[in-house]
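Written out below as structure tokens is the structure these notes cover.
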Amino acid sequence: MAILADKNTRIVVQGITGREGRFHTRQMIDYGTAVVGGVRPGKGGEWVEGVPVFDTVKAAREATGANASVIYVPGPGAADAIFEAADAGIELIVCISDPVPVMDILRVYNYLKGTKSRLIGPNCPGLLTPGQAKVGIIPGYVATPGNVGIVSKSGTLTYEVINALTEAGMGQSTCVGIGGDPIVGTTMVEVLEMFENDPETEKVAILGEIGGRAEVDAAEFIRKHMTKPVAAFIAGKSAPPGTRMGHAGAIVEGGEGTAEEKIAALQEAGVRVAANPEEIPGLLK
Amino acid sequence: MNLHEYQSKTRFAEFGIPTPKGKVASTPDEVFAIAQELGGPVVVKSQVLAGGRGKAGGIKLAKTPEEARDLAAGILNELRIKGLVVRKVLVDPATPPQSEIYLGITNDRTTGKPLLMASSEGGVEIEEVNRTNPQAIIREHIDPALGLHDFQTKNVASAINLPREHWDAFSKIALNLWRCYVANDATLAEINPLAVIEGNQLLALDGKMIIDDNALYRHPDLAAMRDVEAEPTSERMAREAGISYVQLNGQIGCMVNGAGLAMTTMDMIKLYGGDEYGPANFLDVGGGAQAEKVATALRIILSEPNVKSILINIFGGITRGDEVARGMIQAYNEVKPQVPIVIRLQGTNAKEGREIIDTASIPNLFGAATLTEAAQKAVAAAKGELK
Chain B
314 MAILADKNTR
324 IVVQGITGRE
334 GRFHTRQMID
344 YGTAVVGGVR
354 PGKGGEWVEG
364 VPVFDTVKAA
374 REATGANASV
384 IYVPGPGAAD
394 AIFEAADAGI
404 ELIVCISDPV
414 PVMDILRVYN
424 YLKGTKSRLI
434 GPNCPGLLTP
444 GQAKVGIIPG
454 YVATPGNVGI
464 VSKSGTLTYE
474 VINALTEAGM
484 GQSTCVGIGG
494 DPIVGTTMVE
504 VLEMFENDPE
514 TEKVAILGEI
524 GGRAEVDAAE
534 FIRKHMTKPV
544 AAFIAGKSAP
554 PGTRMGHAGA
564 IVEGGEGTAE
574 EKIAALQEAG
584 VRVAANPEEI
594 PGLLK
Chain W
704 MNLHEYQSKT
714 RFAEFGIPTP
724 KGKVASTPDE
734 VFAIAQELGG
744 PVVVKSQVLA
754 GGRGKAGGIK
764 LAKTPEEARD
774 LAAGILNELR
784 IKGLVVRKVL
794 VDPATPPQSE
804 IYLGITNDRT
814 TGKPLLMASS
824 EGGVEIEEVN
834 RTNPQAIIRE
844 HIDPALGLHD
854 FQTKNVASAI
864 NLPREHWDAF
874 SKIALNLWRC
884 YVANDATLAE
894 INPLAVIEGN
904 QLLALDGKMI
914 IDDNALYRHP
924 DLAAMRDVEA
934 EPTSERMARE
944 AGISYVQLNG
954 QIGCMVNGAG
964 LAMTTMDMIK
974 LYGGDEYGPA
984 NFLDVGGGAQ
994 AEKVATALRI
1004 ILSEPNVKSI
1014 LINIFGGITR
1024 GDEVARGMIQ
1034 AYNEVKPQVP
1044 IVIRLQGTNA
1054 KEGREIIDTA
1064 SIPNLFGAAT
1074 LTEAAQKAVA
1084 AAKGELK
């Protein structure tokens, strides 16, 4: 059954008429994902890549019974798109948009706590349940169905590890890119909890990086609650402190959020930590 | 984006926070004129985006305008603080504090809420207080939809043992700091110290703001405040090209798609380069890796004279490895770099991509299959050992 999305997940694409939205809609459909509709105010009634377009998420949900949305609208409109999806009762909202102002996400994050909606992202590659559903931009070609769950703060580093696992003959249950922003809709701990409870996931890989304390919280959770084996890689050992490394959240502030501190916490919790992401399949064998 | 002290204090003043009536200057004569206008002793403060200005001799007290001018002459374009040349100084009236407190707002990643922080130990870096006396820091979470409540500011004032006579002024400053924080899309707004001065007034003697880069598009006025003179040329070039780049001090240039993978590539170089060879930069070339963008990225990397070799690491996801390889060769022919380059392609059609690179048989261009092999080859190339 994997986590978050499977072949029964019915998806609307917000921002389907844009260049990115259109391109990735095609990719998602080709992968076999159930894309049931798209949204673009003012373009309701049109069709994009064989998918009906609606003016609002509410209309799309009423007509298609969609229960998930993926957002490709540009960063300035991302928060509004998330509010709209939540207001329409969409349960899973995956926001690919980047960059999204932190202040917008703070408001979204606190608002969503009072709703039934879950947000993944923003500024993330989305999620992929191999062979069933691709909600976002993770390239489907490199993945294969299996029992390794992946939770990651980054995009291409995730693709690397998926690819390495596939080449080692190890498939994946679900790959979740939570995003590298300081505030994200779904935390690493929440995804770990889902993997722990998912019968199809038998092993877990964490791909973290410098900044914040998500990995330290993850270590704490693993120590207390996880029975499944976990391997991890933490990027940014060589990054200078006080400097943002691409991702808005990837910064060591006031000596906190270093790779060393995260690695130590994970190792203490029994996690096998790789010095090189290519070691991950070997650590999970 | 970090704002200078004078820029931060100007913002604070716009939001009704009391600040010293100082002005910024870039020549000793300007310093003299400002000091004369202010009358009385002044403090000359270096405006660089680095901490520890006082210890580095960048903050000086002057009794007369003449002394201020002479001190400024020794600082302006002369003094370097953590490698940064001082090009501007702030001239503030010298106001000896009777007591100092810390007041700041930032975002708490764990709770997903903004956080008001205060401490009676002002004038010291908050990280330092957190290490030595963490109980001294009082925290109040702010609901971003509701904003900071007046009672929360009173909670804080009482917890830091601020004398009651200052509570009203303190609340007003805290509420205004929150308004300033929101209106400017800040990720940090800090008054340190907030001083009690003669006449029982509260005054923001020093200020610091960090603006969310993701929100700069809606603050053109703030974006224009960027100190481009303090930026290395390579970083300016990258920013203008929309490439995420950070200059470091190693010898091996890196070009990678994706921030996480870019950091990982740097780490691999450090792992195999040891103490002598490290990454020269962080560079995320973004998705697609089209020829034009690759060429620009190559030029940026090569603008740093200490670069001895370059490692290009591209994961072809939706963009296929063969397209990336053709783009690489086109960019290579355009820029004609004189240093050896190691290219690693992984992902979709990576094998076809590697074949294209191999058959092109360009001298000084080497292929690699794994991240480990690529990092080892890039280090060997920097040492001049790769043939």
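Line order of the protein sequences matches chains B and W. Take the first sequence: its letter number 80 is residue 393 in the numbering used here, and every next letter is one higher. Take the second sequence: its letter number 139 is residue 842 in the numbering used here, and every next letter is one higher. Note that CB positions come from ideal geometry on N, CA and C, so glycine has one too.
- In the three-state reduction of the DSSP assignment, Ala898 (chain W) falls in the strand class, which pools E and B.
- Straight across, the Cα-Cα distance linking Ala446 (chain B) with Thr346 (chain B) is about 5 Å.
- Met483 (chain B) and Lys598 (chain B) have their C-alpha atoms roughly 8 Å apart.
- Nearest in C-alpha terms to Thr428 (chain B), of all of B:Pro452, B:Asn476, B:Ile403, is B:Ile403.
- Taking 4 residues as the shortest admissible run, the stretch 835-874 of chain W contains the following complete alpha helix (DSSP H) segments, listed from N- to C-terminal end: 853-862.
- Residue-level contact by beta carbon fails for His538 (chain B) and chain W, as no gap is shorter than 8 Å.
- What Gly434 (chain B) touches in chain W, judged by beta-carbon distance under 8 Å, is nothing: the nearest beta carbon there is about 13 Å away.
- By the Cβ rule, the stretch 506-515 of chain B does not count as touching the stretch 548-559 of chain B, because fewer than three pairs are nearer than 8 Å.
- DSSP places Met558 (chain B) outside any beta strand (DSSP E), giving it a letter other than H or E.
- Ala561 (chain B) reaches chain W at Asp915, Asp916, Asn917, counting residues in chain order whose Cβ is nearer than 8 Å.
- Against Met971 (chain W), the close residues of chain B are Asn589, in the order they occur along the chain (beta-carbon pairs closer than 8 Å).
- Linking Leu787 (chain W) to Val751 (chain W) through their CA atoms gives a straight-line distance of about 7 Å.
- Sequence-distant partners of Gln1049 (chain W) (beyond 5 residues in either direction) whose C-beta falls short of 6 Å from its own C-beta, in its chain, are Phe1018.
- Cβ contact annotation for Trp870 (chain W) (same chain, cutoff 6 Å, sequence separation greater than five): Ala860, in chain order.
- Under the 8 Å criterion on CB atoms, Leu441 (chain B) is classed as non-interfacial with respect to chain W.
- Note on geometry: alpha-carbon atoms of Pro1043 (chain W) and Tyr472 (chain B) lie some 27 Å from one another.
- Met912 (chain W) has W:Leu706, W:Ala892 as its beta-bridge partners, per DSSP.
- Cβ atoms of Val792 (chain W) and Ala765 (chain W) stay farther apart than 8 Å, at about 11 Å.
- A contact is defined here as three or more CB-CB pairs under 8 Å, and the stretch 415-433 of chain B fails this definition with respect to the stretch 458-469 of chain B.
- Listed in chain order, the positions of the stretch 448-482 of chain B with a beta carbon within less than 8 Å of a beta carbon of chain W are Ile450, Ile451, Pro452, Tyr454, Val455, Ser465, Lys466, Ser467, Gly468, Thr469, Leu470, Thr471, Tyr472, Glu473, Asn476.
- Within the stretch 993-1018 of chain W, Phe1018 place their CB atoms closer than 8 Å to a CB of chain B, listed in sequence order.
- Judged by DSSP secondary structure, Asp393 (chain B) falls within the alpha helix (DSSP H) whose first and last residues are 388-400.
- The CB of Leu419 (chain B) comes closer than 8 Å to the CB of Asn810, Gly815, Lys816, Pro817, Pro847 in chain W, given here in chain order.
- At a C-beta separation below 7 Å, Tyr920 (chain W) has these neighbours in chain B: Pro389.
- Interface residue (Cβ-Cβ distance to chain W less than 8 Å): Asn510 (chain B) is not classified as such.
- Glu843 (chain W) sits buried, since 16 or more C-beta atoms from the chains shown fall within 10 Å of its C-beta.
- Secondary structure of Asn510 (chain B) (DSSP, three-state): helix.
- The Cβ atoms of Ile523 (chain B) and Ala582 (chain B) lie no closer than 8 Å to each other.
- Sequence-distant Cβ neighbours of Gly826 (chain W) in its own chain, meaning closer than 6 Å and more than five residues away, are Glu803, Pro896.
- Judged by beta-carbon spacing, Ala527 (chain B) lies within the 8 Å limit of Thr500 (chain B), meaning their Cβ atoms are closer than that value.
- By the CB criterion at 8 Å, Val1082 (chain W) and Gly976 (chain W) fall inside the cutoff.
- For chain B, the residues of the stretch 869-892 of chain W that bring a beta carbon within less than 8 Å of one of its beta carbons are Val885, Asp888, Thr890, in chain order.
- The secondary-structure analysis by DSSP pairs Gly595 (chain B) with nothing; it has no beta-bridge partner.
- Taking the beta carbon of Arg526 (chain B) as reference, the chain W residues within 8 Å of it are Arg812, Thr813, listed in sequence order.
- Between Gly492 (chain B) and Lys516 (chain B), the C-beta gap is not smaller than 8 Å, which leaves the two residues out of contact.
- By the CB criterion at 8 Å, Tyr980 (chain W) and Gln954 (chain W) fall inside the cutoff.
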